[in-house]
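Sequence lines, in order, name chains H and Y. For the numbering used here, add 4 to where a residue sits in the first sequence, where the first one is 1. For the numbering used here, add 167 to where a residue sits in the second sequence, where the first one is 1.
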Amino acid sequence: MHKFIVLASALALTLVATSAFGADPLKVGFVYVGPISDHGWTYQHDQGRLAIEKALGKRVKTVYVEKVPEGPDTERVITRLVREGAGLIFTTSFGYMDPTIKVAKRFPKAIFEHATGYKRAKNVATYSGRFYEGRYVIGQIAAKMSKSGVAGYVASFPIPEVVRGINSFMLGAQSINPDFKLKVVWVNSWVDPGKDADAAKVLIGQGADIITQHTDHATPIQIAAEKGALAFGQASDMIKFGPKTQLTAIIDDWRPYYVRRTKAVLDGSWKSTDTWGGMDTGMVGMAPYTNMPADVAAMAKATEDKIRSGKMHAFDGPIYKQDGSLAVPKGKRLDDGALLGMNWYVKGVDDKLPK
Amino acid sequence: MNALEAVLLTIITASTPLLLAAVGELVTERSGVLNLGVEGMMIMGAVTGFAAAYTTGSAAVGVAAAVATGGAMALLFAFLTQTLAANQMATGLALTLFGIGLSGLMGQPFTGLPGVKLGAVHIPGLSDLPLIGPVLFAQDLLVYGSVALTAFVAWVFARTRLGLVIRAVGSNHHSAHALGYDVAAVRYGCIAFGGACAGLAGGYLSLVYTPQWIENMSAGRGWIALALVVFATWTPSRVAVGAYLFGAVWIMGLYAQGVGVAIPSQFLASLPYLVTIAALLAISGNRIFTKVNTPACIGQTFVPDR
Numbered sequence: 005m006h007k008f009i010v011l012a013s014a015l016a017l018t019l020v021a022t023s024a025f026g027a028d029p030l031k032v033g034f035v036y037v038g039p040i041s042d043h044g045w046t047y048q049h050d051q052g053r054l055a056i057e058k059a060l061g062k063r064v065k066t067v068y069v070e071k072v073p074e075g076p077d078t079e080r081v082i083t084r085l086v087r088e089g090a091g092l093i094f095t096t097s098f099g100y101m102d103p104t105i106k107v108a109k110r111f112p113k114a115i116f117e118h119a120t121g122y123k124r125a126k127n128v129a130t131y132s133g134r135f136y137e138g139r140y141v142i143g144q145i146a147a148k149m150s151k152s153g154v155a156g157y158v159a160s161f162p163i164p165e166v167v168r169g170i171n172s173f174m175l176g177a178q179s180i181n182p183d184f185k186l187k188v189v190w191v192n193s194w195v196d197p198g199k200d201a202d203a204a205k206v207l208i209g210q211g212a213d214i215i216t217q218h219t220d221h222a223t224p225i226q227i228a229a230e231k232g233a234l235a236f237g238q239a240s241d242m243i244k245f246g247p248k249t250q251l252t253a254i255i256d257d258w259r260p261y262y263v264r265r266t267k268a269v270l271d272g273s274w275k276s277t278d279t280w281g282g283m284d285t286g287m288v289g290m291a292p293y294t295n296m297p298a299d300v301a302a303m304a305k306a307t308e309d310k311i312r313s314g315k316m317h318a319f320d321g322p323i324y325k326q327d328g329s330l331a332v333p334k335g336k337r338l339d340d341g342a343l344l345g346m347n348w349y350v351k352g353v354d355d356k357l358p359k
Numbered sequence: 168m169n170a171l172e173a174v175l176l177t178i179i180t181a182s183t184p185l186l187l188a189a190v191g192e193l194v195t196e197r198s199g200v201l202n203l204g205v206e207g208m209m210i211m212g213a214v215t216g217f218a219a220a221y222t223t224g225s226a227a228v229g230v231a232a233a234v235a236t237g238g239a240m241a242l243l244f245a246f247l248t249q250t251l252a253a254n255q256m257a258t259g260l261a262l263t264l265f266g267i268g269l270s271g272l273m274g275q276p277f278t279g280l281p282g283v284k285l286g287a288v289h290i291p292g293l294s295d296l297p298l299i300g301p302v303l304f305a306q307d308l309l310v311y312g313s314v315a316l317t318a319f320v321a322w323v324f325a326r327t328r329l330g331l332v333i334r335a336v337g338s339n340h341h342s343a344h345a346l347g348y349d350v351a352a353v354r355y356g357c358i359a360f361g362g363a364c365a366g367l368a369g370g371y372l373s374l375v376y377t378p379q380w381i382e383n384m385s386a387g388r389g390w391i392a393l394a395l396v397v398f399a400t401w402t403p404s405r406v407a408v409g410a411y412l413f414g415a416v417w418i419m420g421l422y423a424q425g426v427g428v429a430i431p432s433q434f435l436a437s438l439p440y441l442v443t444i445a446a447l448l449a450i451s452g453n454r455i456f457t458k459v460n461t462p463a464c465i466g467q468t469f470v471p472d473r
């Protein structure tokens with residue numbers, strides 16, 4: 005009897021797995037860490053989902069599960085999506101990495117795409133955006149637009165992704181004004197808008213007249229608007245929170261990638277790849293340049309174009325670390341490995357990196 | 168505006184929601200009821216406050232809606248724990264979870280919209296004084312309100328018959344019942360008051376602190392308020408000290424980071440909790456005082472004999 009049950013359930017699983025491919029349309033599943041209404045990270049992923057529906061119409065059917073905590077629940081949710089017939093699943097947070105790999109092993113016929121991770125398998129691809137490219141551009145704008153020569157940075161957690169952004173911003177600013185100052189305040193949270201607001205107030209109180217952030221809310225922009233400072237948006241266009249305040253915003257645009265990968269699954273050309281897309285792939289976009297003179301906007305546009313064409317890289321040498329040692333010699337470019345594990349500040353950042 | 172002014176102003180805005188919620192919970196607990204639903208009532212106050220203000224364009228309507236919602240949530244809690252005699256801990260926790268979930272659902276259409284901010288009120292003459300003017304006399308009404316509320320609650324407990332009755336109900340509900348006081352009615356009132364304050368604290372978040380609706384925006388402030396009440400040994404003035412101390416240490420931590428002081432930010436982030444607990448433990452070191460002020464019946468279900 006026991007054997008029979010095992011056999012039957014194995015058979016059932018195979019049926020489910022195969023039906024995911026035999027059936028038309030292709031079911032595409034999404035696992036989100038936040039609510040789709042967060043107007044930041046998850047919102048942008050959901051825009052990608054909607055783009056798939058729009059581009060491929062009746063050939064696909066999409067489903068999503070939002071607010072999935074990173075932990076034991078993840079595996080359960082992904083497994084459920086596969087059992088419900090999803091043939092392609094996007095798992096969109098770093099902490100989903102191990103659960104995605106685990107489920108992928110159990111369901112070799114389903115295809116998985118994991119955002120911001122580094123573990124791949126035959127049926128698991130990874131992808132992420134080079135958002136630091138946008139930060140170089142906003143750093144240049146900040147140096148041009150700041151009167152006090154000091155910018156304030158509301159930072160979440162001292163992980164390489166955030167540190168890379170701070171460094172890139174600083175390098176951009178220094179390319180315009182070598183004496184530019186950057187103050188960093190860590191709030192140790194992604195999700196506490198009140199803390200973000202406090203940090204922005206403190207930074208402005210200390211002389212910063214430009215505020216930028218690496219947390220998920222528009223509150224720093226609102227505070228900047230209230231106090232007469234300028235600011236940049238994060239993850240999505242936040243112009244409505246500061247029509248006279250937002251200079252531009254770095255936009256995570258997953259739409260082209262999501263549509264391309266889904267098409268690849270449909271026509272059978274999908275392969276496990278590792279994509280770290282920048283401005284060249286459209287994954288990193290900039291919101292319209294506003295509240296600045298035309299020459300500053302033109303400069304920003306020119307830098308954007310140079311980065312897009314590969315003529316320029318945010319981490320082109322020479323780059324010095326905070327302690328004065330040479331990190332990248334002139335004529336060299338920092339490689340992706342060093343970028344992904346970045347745990348040091350460039351010279352000029354007015355902060356000690358928390359370890 | 169100089170740096171000191173900026174810091175003091177920031178401290179006041181960061182502390183006010185904690186003070187509002189804690190004073191309300193203090194009244195609830197003094198009547199012998201432990202309502203762990205502060206976080207849930209607060210977040211519901213935040214969402215309805217934002218929604219009402221956004222829809223009508225009036226921050227005052229938003230404040231009223233926040234207060235009403237907090238009160239309504241609390242009455243639900245009161246019905247379950249006082250009328251149906253449900254377990255207070257479990258009901259309170261459920262209220263928090265319910266509030267967080269429901270607020271997320273209700274807030275869906277309001278996310279990503281710029282809100283209506285409750286403006287500051289300048290007191291003519293006084294608000295022009297150097298330093299103390301902008302800090303003390305150019306705040307929004309809720310800041311003044313929170314201080315007045317704390318003073319009022321302190322007065323009620325120290326000087327009025329109502330205060331005595333609430334304390335009697337919280338200290339020994341059997342005796343209070345035997346004396347002819349309606350324990351359930353007193354508790355209903357205190358729970359509703361606590362809920363209204365928590366709702367107001369939520370409204371402060373979405374109308375003044377960060378005029379937006381963001382899911383989960385209370386981010387644990389309800390729990391901090393709950394802890395403040397206990398560490399302040401159920402004394403209004405100490406709740407105020409605790410709330411402002413917490414806000415001050417938190418903002419000073421951010422300030423130190425901005426100046427570039429080499430202290431790990433994770434430590435600075437935990438400092439408000441440590442300092443507040445240490446300070447409140449130090450000032451409530453008198454064990455007799457603590458014993459006198461602790462509501463003996465807290466958390467116990469009371470069902471009168473028929």
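The C-beta atom is built at its ideal place from N, Cα and C for all residues, glycine as well. Treat the numbers as computed from the prediction; the structure is a model and nothing was measured.
Self-check item: Alpha-carbon to alpha-carbon, H/Asp-183 and Y/Thr-457
Solution: 56 Å
Quiz prompt | Completely contained alpha helix (DSSP H) runs for the region 181-211 of chain H, where each covers 4 or more residues | solution = 197-209
Practice problem: May I ask which residues mark the beginning and end of the beta strand (DSSP E) holding H/Lys-65? | Solution: 64-69
Quiz item: What residues in the region 326-345 of chain H have a beta carbon less than 7 Å from any beta carbon of chain Y?
Solution: Those would be none; no residue qualifies.
Quiz prompt | Collapsed DSSP secondary structure at H/Thr-249 in the structure displayed | solution = coil
Practice problem: For Y/Asp-295, count neighbouring C-beta atoms within 10 Å of its own C-beta (all shown protein chains included) and say buried if the count is 16 or more, exposed if not. | Solution: exposed
Self-check item: Min CB distance H/Phe-245 to chain Y below 8 Å
Solution: yes
Quiz item: Is the CB of H/Asp-206 under 8 Å away from at least one CB in chain Y?
Solution: At residue 206 of chain H the sequence reads Val, which differs from the Asp that was named. So, interface residue.
Exercise. Report the rounded CA-to-CA distance for H/Val-263 versus H/Leu-60, giving the unit in angstroms.
Key: H/Val-263 and H/Leu-60: Cα-Cα distance of roughly 8 Å.
Quiz item: So, does the CB of Y/Ser-432 fall closer than 8 Å to a CB anywhere in chain C?
Solution: As a matter of chain content, chain C is missing from the structure shown, whose protein chains are H and Y.
Practice problem: Have a look at H/Val-350 and H/Met-174 and give me their C-alpha separation to the nearest angstrom. | Solution: 8 Å
Practice problem: Check each candidate in Y/Ser-451, Y/Trp-390, Y/Gly-425, Y/Pro-297 and name the one with the smallest Cα separation from Y/Glu-206. | Solution: Y/Trp-390
Quiz item: Could you give the uninterrupted runs of the alpha helix (DSSP H) lying entirely in the region 273-356 of chain Y, keeping only those of 4 residues or more?
Solution: The region 273-356 of chain Y contains these whole alpha helix (DSSP H) runs: 299-304, 308-326, 328-338, 340-345.
Self-check item: CB of H/Val-189 within 8 Å of CB of H/Val-167, strictly
Solution: no
Exercise. Specify, as a first and last residue, the run of the alpha helix (DSSP H) that Y/Ile-178 falls within.
Key: 170-197
Self-check item: Cβ shell of H/Tyr-36 (< 8 Å), same chain only, five flanking positions each side left out
Solution: Thr-46, His-49, Asp-50, Tyr-68, Val-69, Glu-70, Lys-71, Val-72, Thr-96, Ser-97
Quiz item: Of all the CB atoms in chain H, is at least one closer than 8 Å to the CB of Y/Gly-279?
Solution: Chain H, which has a Cβ nearer than 8 Å to the Cβ of Y/Gly-279, makes this yes.
Self-check item: Which of helix, strand or coil DSSP assigns to H/Ile-40
Solution: coil
Practice problem: Using 10 angstroms around the beta-carbon of H/Asp-327, count the other beta-carbons present and answer buried if the total reaches 16, otherwise exposed. | Solution: exposed
Quiz prompt | Alpha-carbon spacing of H/Leu-251 relative to H/Thr-294, whole angstroms | solution = 5 Å
Quiz prompt | Y/Gly-238 beta carbon less than 8 Å from that of Y/Gly-229 | solution = no
Exercise. Would you check if the region 377-394 of chain Y and the region 186-202 of chain Y touch, i.e. whether three or more CB-CB distances between them fall below 8 Å?
Key: yes
Self-check item: Rounded separation between H/Ala-229 and Y/Ala-173 - CA only
Solution: If you draw a straight line from the Cα of H/Ala-229 to the Cα of Y/Ala-173, it comes to about 15 Å.
Practice problem: Could you run through the region 205-227 of chain H and flag, in chain order, every residue whose CB is less than 9 Å away from some CB of chain Y? | Solution: Lys-205, Val-206, Leu-207, Ile-208, Gly-209, Gln-210, Gly-211, Ala-212, Asp-220, His-221, Ala-222, Thr-223, Gln-226, Ile-227
Quiz item: Relative to the C-alpha of Y/Ala-352, which residue among Y/Gly-409, Y/Gly-199, Y/Ala-321 is closest?
Solution: That would be Y/Gly-199, whose Cα lies nearest to the Cα of Y/Ala-352.
Practice problem: Please specify which runs of the alpha helix (DSSP H), each continuous and at least 4 residues long, are wholly inside the region 64-140 of chain H, giving them in chain order. | Solution: 76-87, 101-110
Quiz item: Just to confirm, are H/Ser-273 and H/Ile-255 a CB contact at a threshold of 8 Å?
Solution: Against a cut-off of 8 Å, the Cβ pair of H/Ile-255 and H/Ser-273 comes out as no contact.
Quiz prompt | Sequence ranges, alpha helix (DSSP H) only - wholly within the region 270-336 of chain H, length at least 4 | solution = 298-313
Quiz item: Which residues mark the beginning and the end of the alpha helix (DSSP H) in which Y/Gln-424 is found?
Solution: 403-426
Quiz item: Under the three-state reduction of DSSP, which class applies to Y/Asp-472: helix, strand or coil?
Solution: Three-state result, Y/Asp-472: coil.
Self-check item: Interface flag, Y/Pro-297 vs chain H, CB-CB below 8 Å
Solution: no
Exercise. Could you confirm whether any beta carbon from chain H is found closer than 8 Å to the beta carbon of Y/Gly-300?
Key: So, not an interface residue.
Quiz item: Does the beta-carbon distance from H/Ser-276 to H/Arg-53 come in below 8 Å?
Solution: no
Exercise. Classify H/Val-353 as buried or exposed, calling it buried when 16 or more other Cβ atoms lie within 10 Å of its own Cβ.
Key: Answer is buried; the Cβ neighbour count reaches 16.
Self-check item: 6 Å CB neighbourhood of Y/Gly-204 in its chain, flanking five on each side removed
Solution: Cβ neighbours of Y/Gly-204 beyond the five flanking positions: Phe-244, Gly-259, Leu-262, Thr-263.
Quiz item: Do the CB positions of H/Asp-340 and H/Arg-312 come within less than 8 Å of each other?
Solution: no
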